[in-house]
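Numbering (the working numbering), first residue to last: -16 to 189.
Virtual Cβ for every residue (Gly too), placed ideally from N, Cα, C.
Shown next, in structure tokens, is the structure this report addresses.
Written as structure tokens, this is what we have:
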């Protein structure tokens, strides 16, 4: 917990399915590579002002986890990432580690912009068989997107204080706008969510 006890470390997770992809089309590896690049670029485009990327990890069927890792502070990281995705047809997961940009209210009600390093992760998963085809059955989608977040600074705590109320008023719209934009941009349907009830309830009300 932070010194002011106005927010804590508390994990939340949202999981989404893509509603408008064509399974047959994405089983063509060239089409799938292009689709992946568009999704990843789109995710990077909508991060600001909510967050910024720290690191990207890509896993593949042939190599496994961390087949490709790049620090987002490297010059031209997006070009390198695009090049890797263009050259590999067995990508199974992509993780974008995020620094979250938000505001902290001090006990004296002063406002301070802070960055929560590696406070969240966007993860894109693709279930592939040994022939690099998407695995599909009636119960499960072969492609899904998740967003994990490790802090509850976006909502007042159960023991509401003027500090936590003011921080929620400022920070919650950043999170809500990001989630809403992401859903609309990629035609996503939320399939699962977990987190502190006071956070989820607060987001529903704004």
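Out of the options, point me to the one whose CA is closest to residue i's CA.
| i | options | result |
| --- | --- | --- |
| residue 10 | 157, 110, 180 | 110 |
| residue 113 | 96, 128, 74, 98 | 74 |
| residue 187 | 170, 168, 171, 151 | 151 |
| residue 115 | 16, 103, 99, 180 | 16 |
| residue 25 | 169, 145, 184, 180 | 169 |
| residue 97 | 105, 88, 104, 57 | 88 |
| residue 54 | 159, 101, 93, 47 | 101 |
| residue 159 | 140, 147, 143, 132 | 132 |
| residue 37 | 140, 6, 44, 56 | 56 |
| residue 171 | 126, 45, 66 | 126 |
| residue 105 | 122, 179, 2, 23 | 23 |
| residue 99 | 4, 64, 35 | 35 |
Going by DSSP, what residues sit across from residue i in a beta bridge?
| i | result |
| --- | --- |
| residue 103 | 81, 132 |
| residue 173 | -1 |
| residue 190 | Nothing can be reported for residue 190, as the shown portion of the chain is limited to -16 through 189. |
| residue 192 | Because the chain is modelled from -16 through 189, residue 192 falls outside the range shown and cannot be assessed. |
| residue 54 | 38 |
| residue 117 | 111 |
| residue 47 | 43 |
With a CB to CB cut of under 6 Å and the five nearest residues on each side skipped, what residues in its chain are close to residue i?
| i | result |
| --- | --- |
| residue 128 | -1, 107 |
| residue 233 | It is not possible to answer for residue 233, since the shown part of the chain is limited to -16 through 189. |
| residue 76 | 42, 108 |
| residue 149 | 88 |
Please return the same chain residues whose Cβ sits closer than 7 Å to the Cβ of residue i, not counting the five positions on each side in sequence.
| i | result |
| --- | --- |
| residue 154 | 85, 86, 136, 137 |
| residue 162 | -3 |
| residue 12 | 72, 115 |
| residue 94 | 86, 88 |
For my contact list, residue i and residue j are in at a C-beta cut-off of 8 Å; report their separation, rounded to the angstrom.
| i | j | result |
| --- | --- | --- |
| residue 20 | residue 90 | Residue 20 to residue 90, Cβ: 47 Å. No contact. |
| residue 50 | residue 42 | 6 Å |
| residue 134 | residue -10 | 6 Å |
| residue 145 | residue 189 | Incorrect: roughly 18 Å between the Cβ atoms, too far for contact. |
In its own chain, which residues sit with a C-beta less than 8 Å from the C-beta of residue i, not counting the 5 before and 5 after it?
| i | result |
| --- | --- |
| residue 6 | 117, 119, 125 |
| residue 179 | -7, -5, 135, 138 |
| residue 164 | 29 |
Tell me, please, whether the CB atom of residue i is closer than 9 Å to any CB atom in chain D?
| i | result |
| --- | --- |
| residue 27 | Included in the structure is just one protein chain, with no chain D present. |
> Contact between the segment 69 to 87 and the segment 17 to 34: three or more CB pairs below 8 Å?
Replying inline: yes
> How about the segment -5 to 12 and the segment 159 to 177: do they share at least three Cβ pairs that are nearer than 8 Å?
Replying inline: yes
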